[in-house]
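FYI, UniProt numbering numbers position 61 of the sequence shown as 61, with every residue one higher than the one before it.
Even glycine gets a Cβ: it sits at the ideal position worked out from N, Cα and C.
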Amino acid sequence: MISAGRGMMTLNDQLRDIIDGLDHENLNVRYMVASELSKLLNLRREDIMALITKVGDANMDVMSALITSLLR
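Put into structure tokens, the structure is as follows:
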């Protein structure tokens, strides 16, 4: 996974890294990051659902940025 070399990262940190990767200029990097996002969604489905349903500006900013990056 993206965070394997960095040690423990919070879910928000992982999602921010994915957002940065999806905005990368290289198509191969974006494809790899999309694959990692798919793995993360499968592994941490309950955590992501909790993040989506949790009310808070920081959570909404991360989810909004992720959705925007995916739609590009």
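Non-local C-beta neighbours of Ile52 in its own chain, meaning closer than 7 Å and more than five positions away in sequence, comprise Met63, ordered along the chain. Here the segment 16-27 makes no contact with the segment 41-58; the two share fewer than three CB pairs at distances below 8 Å. Spanning the alpha carbons of Glu36 and Thr10 requires a straight line of approximately 15 Å. Non-local beta-carbon contacts of Asn12 in its own chain, meaning distances under 8 Å to residues more than five positions away in sequence, involve Leu51, Ala58, Asn59, Val62 in chain order.
Leu40 is classed as buried because its beta carbon has at least 16 other beta carbons within 10 Å across all chains shown. The continuous alpha helix (DSSP H) containing Val62 extends over residues 57-71.
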